Structure formats: structure tokens, C-alpha cells
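Following numbering that gives the first Met the number 0, the numbering of the sequence shown begins with 0 at its first residue and continues without gaps.
Beta carbons: idealized from backbone N, C-alpha and C, even for Gly.
Note that this is a predicted model, so its numbers are computed, not measured.
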Amino acid sequence: MREKGLIPRGTPASRAVTERTQVVMELTSELNSLRHSDIEARRELLSRILGRPAPATLTLYPPFYCDHGLGLEFGERVFVNQNCSFYDIGGIRIGDRTMIGPGVTLTTAGHPVDPAGRFDGITTAPIDIGPNVWIGANSTVVPGVRIGEGSVVAAGALVTRDVPANCVVSSAGHIERRALAPAESPPVWTGHRREPRR
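The structure is reproduced here in C-alpha cells:
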């Protein structure tokens with residue numbers, strides 16, 4: 000997992016980010032143009048985006064967008080629905096058995112808030128999503144956020160601060176401390192079929 004930081008403009012690090020982004024844009028374009036049934040080709044392209052083999056239990060439905068790829072870490076049995084955008088230059092870790100709805104944006108990059116320094120570079124901070132999390136459709140998670148195990152993010156929510164374990168984030172961004180009991184072994188989604196509890 001990466002640390003919070005600044006990538007100054009005009010530096011070798013900044014140029015490397017730009018070059019990697021161009022490569023990943025080509026790879027995601029190719030990924031998104033494949034037939035849905037061509038699972039092996041999708042997995043091979045996703046592995047090239049990640050810079051290492053994609054987990055065999057990862058289910059990811061295109062279209063999918065990311066800007067760097069090397070900062071993405073997927074746990075086991077993660078499900079990512081269509082039209083998600085993961086801006087991962089700051090690092091995104093997604094825990095086991097997490098489900099991510101369609102249209103979700105996870106962004107780890109931004110710019111300095113001060114107008115005088117806004118064009119000086121890119122600020123980064125990692126996103127850490129625990130196991131058994133469900134992120135609803137069209138939600139956005141901003142840089143530096145941690146979402147605790149078993150939590151639920153409602154559809155359309157904007158998550159700007161850490162979420163404790165087993166909580167619900169409403170679409171208005173409020174964290175509701177509900178008594179969500181951790182599942183001993185939750186059901187998992189694998190493609191089109193649901194596996195029973197073990």
C-alpha cells in the first residue's frame with residue numbers, strides 16, 4: 000500500500016506516471032472492446048494492467064477504467080460490476096469478498112487545494128477497503144479513506160472520511176453505526192452464480 004504524497008510536475012516520477020497512464024489507457028480500451036464471453040483474454044489483459052496475475056477468483060465486468068494499474072490490489076472473490084473507474088496511482092487495496100456496484104469511482108489522486116500550488120503536481124493518498132464490504136452503485140470514495148470490514152456504502156454515496164467496521168454509509172454520506180453482525184462465512188458471487196455459505 001502506498002503512502003500519502005505529492006508527485007511534483009516535471010519530474011522523472013511525473014513523466015513515469017504519464018507514460019504508464021498512456022499504456023494503461025490502451026490496455027483498458029482493448030479490455031473494454033473484447034466480447035463478454037472471452038474471459039481468458041480479459042483475464043490476460045487485466046493481468047497486464049495490474050503488472051501481475053489477476054486473482055483467479057476476481058470477477059470484473061467491463062467497461063472498466065483505471066489510470067495506473069500497478070496500484071490495484073484485489074483480494075479473493077472480489078466482484079466489480081460494470082462502468083467502474085479506479086484511479087489507483089495512490090494505491091487501492093480491496094479486501095476479500097468485497098462487492099462493488101456499477102459506476103463506482105475510487106480515486107486516490109487530486110491536486111493541492113491552494114490555487115498557487117494547484118498545478119505543481121498530483122497529490123495522492125491510498126484507499127483501503129476491508130473484507131466483506133459492499134459499495135453501492137454510483138458511489139465515490141476519495142483519497143485517503145479506509146472502509147472497515149463488513150460495512151455497506153449506499154448507492155450514490157460520497158465517502159470522504161474513514162468508515163468503521165460493520166457500519167452503513169447513507170447516500171448523504173452520513174455514517175450510521177448499525178449493529179451489522181459480521182458473517183461467519185458470507186455467500187459469495189462468482190460470475191453469474193451464487194455459492195452457498197460454507
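Go ahead and pull the three-state DSSP assignment for residue i.
| i | result |
| --- | --- |
| Gly4 | strand |
| Ser57 | One detail in the question is off: residue 57 reads as Leu in this sequence, not Ser. Coil, per DSSP. |
| Val79 | strand |
| Ala108 | strand |
| Thr139 | strand |
| Glu148 | coil |
Could you check how far apart the C-beta atoms of residue i and residue j are, in whole angstroms? I think they sit under 8 Å.
| i | j | result |
| --- | --- | --- |
| Ile134 | Ile99 | 5 Å |
| Asp127 | Arg92 | 5 Å |
| Asn80 | Pro101 | 4 Å |
| Asn82 | Pro52 | Contact flag wrong, Cβ pair sits at about 24 Å. |
| Gly147 | Val162 | 6 Å |
Going by C-alpha to C-alpha distance, which of the options sits closest to residue i?
| i | options | result |
| --- | --- | --- |
| Gly155 | His67, Ala40, Cys166 and Thr139 | Thr139 |
| Thr20 | Arg41, Gly70 and Gly143 | Gly70 |
| Phe85 | Gly68, Ser46 and Arg96 | Gly68 |
| Asp95 | Gly9, Asn131 and Leu5 | Asn131 |
| Lys3 | Gly90, Gly116 and Ser170 | Gly90 |
| Ala164 | Arg145, Val158 and Ala12 | Arg145 |
What are the boundary residues of the beta strand (DSSP E) that includes residue i?
| i | result |
| --- | --- |
| Ile93 | Ile91 to Ile93 |
| Ile128 | Ile126 to Ile128 |
| Thr123 | Gly120 to Thr123 |
| Leu71 | Leu71 to Phe73 |
| Cys65 | Phe63 to Cys65 |
Residue i lies in the alpha helix (DSSP H); which residues open and close that run?
| i | result |
| --- | --- |
| Glu29 | Pro11 to Ser32 |
| Leu45 | Ile38 to Leu49 |
Heavy atom of the ligand COA less than 7 Å from the Cβ of residue i, yes or no?
| i | result |
| --- | --- |
| Ser13 | Absence of the ligand COA from the depicted structure is noted, as is the absence of any ligand whatsoever, leaving it without description. |
**OP:** Please determine if the segment 17-26 and the segment 104-117 are in contact, where contact requires at least 3 C-beta pairs separated by less than 8 Å.
**Re:** no
Original post:
Any chance the segment 145-156 sits against the segment 110-122, with 3 or more Cβ pairs inside 8 Å?
Top reply: no
Subject >> Cβ pair count under 8 Å reaching 3, the segment 48-58 against the segment 75-93 >> reply: yes
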